[in-house]
Amino acid sequence: MKIHTIKPERSTLHGSFSKEFEPVITIESGETLHISTLEAAWGLEPHRKDRQRKRFEPRENPIDQGHAMIGPISINGAEPGMALEIQINDIRPGSWGWTSAGGFPSENNNRLGLAEGEEYHLNWQLDTEQMVGQSNKGHQVTLSPFMGIMGMPPDESGIHSTSPPRYCGGNIDCKELVAGSTLYLPISVSGGLFSVGDGHAVQGDGEVASPALECPMEHVSLTLSVRDDVKIDFPRAKTPTGWVTMGFHEDLNEATMIALDEMLSLMTELLEMERKEAMALASLVVNLRITQTVNGVKGVHALLPHGAIRK
Numbered sequence: 532m533k534i535h536t537i538k539p540e541r542s543t544l545h546g547s548f549s550k551e552f553e554p555v556i557t558i559e560s561g562e563t564l565h566i567s568t569l570e571a572a573w574g575l576e577p578h579r580k581d582r583q584r585k586r587f588e589p590r591e592n593p594i595d596q597g598h599a600m601i602g603p604i605s606i607n608g609a610e611p612g613m614a615l616e617i618q619i620n621d622i623r624p625g626s627w628g629w630t631s632a633g634g635f636p637s638e639n640n641n642r643l644g645l646a647e648g649e650e651y652h653l654n655w656q657l658d659t660e661q662m663v664g665q666s667n668k669g670h671q672v673t674l675s676p677f678m679g680i681m682g683m684p685p686d687e688s689g690i691h692s693t694s695p696p697r698y699c700g701g702n703i704d705c706k707e708l709v710a711g712s713t714l715y716l717p718i719s720v721s722g723g724l725f726s727v728g729d730g731h732a733v734q735g736d737g738e739v740a741s742p743a744l745e746c747p748m749e750h751v752s753l754t755l756s757v758r759d760d761v762k763i764d765f766p767r768a769k770t771p772t773g774w775v776t777m778g779f780h781e782d783l784n785e786a787t788m789i790a791l792d793e794m795l796s797l798m799t800e801l802l803e804m805e806r807k808e809a810m811a812l813a814s815l816v817v818n819l820r821i822t823q824t825v826n827g828v829k830g831v832h833a834l835l836p837h838g839a840i841r842k
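Heads up, the final residue of the sequence shown is numbered 842 in this note's numbering, and it's a clean run with no missing numbers.
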């Protein structure tokens with residue numbers, strides 16, 4: 532199938548979702564994108580002490596106020612009620628990244644006494660051969676790259692922030708979505724208008740400081756397919772580890788119930804069982820994990836490991 536290459540340029544970048552945005556490209560279902568991305572904050576270099584770091588310019592308010600994303604990409608045949616299948620073929624970070632903590636008011640910072648004073652920054656060098664990151668303070672971490680934002684606009688008119696995750700995707704920040712995963716998103720507008728950005732070299736469940744290890748992505752390969760046989764209300768994914776269902780809500784308990792409800796529905800489909808049987812087995816093998824707590828709308832994902840239930 533055809534491969535489309537998209538690089539981060541003024542014509543291909545935006546920082547919000549809207550069904551009114553014109554697509555940068557229209558592709559056929561089953562075609563592949565090869566893209567490179569800016570880091571989420573539009574930075575062109577790591578943070579510096581001697582001056583403000585360079586960022587991509589020009590940017591237009593309000594459409595570029597959020598994360599730097601590539602898109603929108605329209606897919607022929609995509610219509611509301613269908614699902615978009617995103618096969619994540621390959622993800623390769625750039626050579627640098629950053630993370631930070633504290634220095635601004637947030638739910639976590641306020642509760643933990645970190646809101647006052649300056650924001651604390653760590654700059655990182657990324658070795659993509661060894662898949663190791665090393666900070667300017669000498670810390671080393673193993674890399675596990677994924678895209679924090681993969682999504683489409685909701686059907687409501689106007690401009691929508693990139694910060695919260697939604698039923699149609701967006702700032703999901705789920706560390707399970709590594710190369711080899713397939714993400715399924717409900718389509719809510721004609722053409723889908725898919726966008727991607729917010730590359731993370733590695734992240735823990737919860738993303739507790741607000742940033743992960745934010746980095747540009749040198750190469751991301753995605754295959755987009757329209758699925759009219761997949762009927763879903765929330766994102767779900769098949770990853771190298773297992774099946775994942777997701778829940779988003781301002782209340783963490785509500786997000787948990789959504790993720791669990793979606794998992795029970797998935798188990799009844801995959802394993803041909805009724806919901807009470809699925810719930811009994813879920814109590815044994817399904818893991819509930821906090822995806823992130825920092826995007827205003829919190830995320831929980833339920834993970835059913837491959838081969839956990841055998842018959």
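Even glycine gets a Cβ: it sits at the ideal position worked out from N, Cα and C.
Legend entry - Sequence ranges, beta strand (DSSP E) only - wholly within the region 610-642, length at least 3: DSSP runs (the beta strand (DSSP E)) wholly in the region 610-642: 614-624, 627-632.
Inset, instruction - Quick one: grab the DSSP three-state call for V663. - result: Here residue 663 corresponds to residue number 132 of the sequence shown, with the count starting at 1. Secondary structure at V663: strand, using DSSP grouped into helix, strand and coil.
Inset, instruction - Figure out for me which residue from G633, W629, F677, D686 has the closest Cα to the Cα of K668. - result: Position 137 of the sequence shown holds residue 668. Comparing Cα-Cα distances from K668 to each of G633, W629, F677, D686, the minimum goes to W629.
Inset, instruction - Tell me whether N607 sits in a helix, a strand or coil according to DSSP, three-state version. - result: Position 76 of the sequence shown holds residue 607. Three-state DSSP puts N607 in coil, outside helix and strand.
Legend entry - Endpoints, alpha helix (DSSP H) assigned at I789: Translated into the one-based positions of the sequence shown, residue 789 becomes position 258. I789: member of the alpha helix (DSSP H) spanning 783-802, first to last residue.
Inset, instruction - Take I601 as the anchor and find which of R758, Y651, I680 has the nearest alpha-carbon. - result: Position 70 of the sequence shown, counted from the first residue, corresponds to residue 601. Nearest C-alpha to I601: I680.
Inset, instruction - For H578, I'd like the list of residues in its chain whose CB is within less than 7 Å of its CB, leaving aside the five on either flank, ordered along the chain. - result: Here residue 578 is taken as the residue at index 47 of the sequence shown, counted from 1. Excluding residues within five positions, the ones whose Cβ falls inside 7 Å are R584, W629, H652, N654.
Legend entry - G597 and S692 closer than 7 Å at C-beta: Mapped onto the sequence shown, residue 597 falls at position 66. Mapped onto the sequence shown, residue 692 falls at position 161. Result yes, Cβ atoms of G597 and S692 sit closer than 7 Å.
Inset, instruction - Just the C-alpha distance for N826 and P717, rounded to the nearest angstrom, thanks. - result: Along the sequence shown, read from residue 1 onward, the residue named residue 826 stands at position 295. Along the sequence shown, read from residue 1 onward, the residue named residue 717 stands at position 186. Approximately 20 Å, taken between the alpha carbons.
Legend entry - I537 to F765 span [Cα, whole Å]: The count along the sequence shown starts at 1 and reaches residue 537 at position 6. The count along the sequence shown starts at 1 and reaches residue 765 at position 234. One C-alpha to the other measures close to 28 Å.
Legend entry - Coil, strand or helix - K585 by DSSP: For the purposes of this step, residue 585 is taken as residue 54 along the sequence shown, with counting starting at 1. Reduced to three states, the DSSP call for K585 is coil.
Inset, instruction - May I ask you to list the residues that DSSP assigns as paired with D729? - result: The sequence position of residue 729 within the sequence shown is 198, counting from 1. In the DSSP output, where bridge partners are listed per residue, D729 has none listed.
Inset, instruction - Excluding the 5 residues preceding and the 5 following A839 in the sequence, name in chain order all residues of the same chain whose CB lies nearer than 6 Å to its CB. - result: Locating residue 839 in the sequence shown gives position 308, counting from the first residue. Residues V816 of the same chain have their beta carbon placed closer than 6 Å to that of A839, with the five preceding and five following residues left out of the count.
Legend entry - T776 beta carbon less than 7 Å from that of M794: Mapped onto the sequence shown, residue 794 falls at position 263. Mapped onto the sequence shown, residue 776 falls at position 245. The answer is yes: Cβ separation under 7 Å.
Inset, instruction - Over the uninterrupted alpha helix (DSSP H) stretch that includes R841, give me the two end residues. - result: Here residue 841 corresponds to residue number 310 of the sequence shown, with the count starting at 1. It is not in any alpha helix (DSSP H) - R841 carries neither H nor E in the DSSP assignment.
Inset, instruction - Would you give the residue range spanned by the alpha helix (DSSP H) that L813 belongs to? - result: One-based indexing of the sequence shown puts residue 813 at position 282. It is worth fixing the name first, because residue 813 is Ala in this sequence and not Leu. Taken as a continuous stretch (DSSP letters only), the alpha helix (DSSP H) holding A813 covers 806-816.
Inset, instruction - Please name the residue in A811, Q618, G689, E553 whose C-alpha comes closest to that of T754. - result: In the sequence shown, the residue the question calls residue 754 occupies position 223. Checked all of A811, Q618, G689, E553; the closest Cα to T754 is Q618.
Legend entry - Neighbour flag for S726 against chain C, beta carbons, 7 Å: Included in the structure is just one protein chain, with no chain C present.
Inset, instruction - Count the other CB atoms, across all protein chains shown, that sit within 10 Å of the CB of E551; report buried if there are 16 or more and exposed otherwise. - result: Counting from one through the sequence shown, the residue named residue 551 turns up at place 20. Around the beta carbon of E551, a 10 Å sphere encloses fewer than 16 other beta carbons of the protein chains shown; the residue is thus reported as exposed.
Legend entry - Burial state of I534 (16 or more Cβ within 10 Å): Taking the sequence shown and counting its residues from 1, the one referred to as residue 534 is at position 3. In the assembly as shown, I534 is an exposed residue. Its beta-carbon has fewer than 16 other beta-carbons within 10 Å.
Legend entry - Separation of P696 from L849, as counted between CA atoms: Any property of residue 849 remains undetermined from this structure, which presents the chain solely from 532 to 842.
Inset, instruction - Determine the closest residue to Q661 out of H832, P611, P836, P624, with distance taken between C-alpha atoms. - result: Numbered from 1 along the sequence shown, position 130 holds the residue referred to as residue 661. Residue P624 holds the alpha-carbon nearest to the alpha-carbon of Q661 among H832, P611, P836, P624.
Inset, instruction - Consult DSSP for I763 and reduce its assignment to one of helix, strand or coil. - result: The residue given as residue 763 occupies position 232 in the sequence shown. In the three-state scheme derived from DSSP, where H, G and I count as helix and E and B as strand, I763 is classed as coil.
Legend entry - E562 - DSSP class collapsed to helix/strand/coil: Within the sequence shown, numbered from 1, the residue matching residue 562 stands at position 31. Of the three classes helix, strand and coil, the one that applies to E562 here is strand, per DSSP.
Inset, instruction - Using only alpha-carbon positions, find the residue among A809, T824, Q656 that is nearest to G735. - result: Reading the sequence shown from its first residue, position 204 is the one you call residue 735. Considering only A809, T824, Q656, the residue with the shortest C-alpha distance to G735 is T824.
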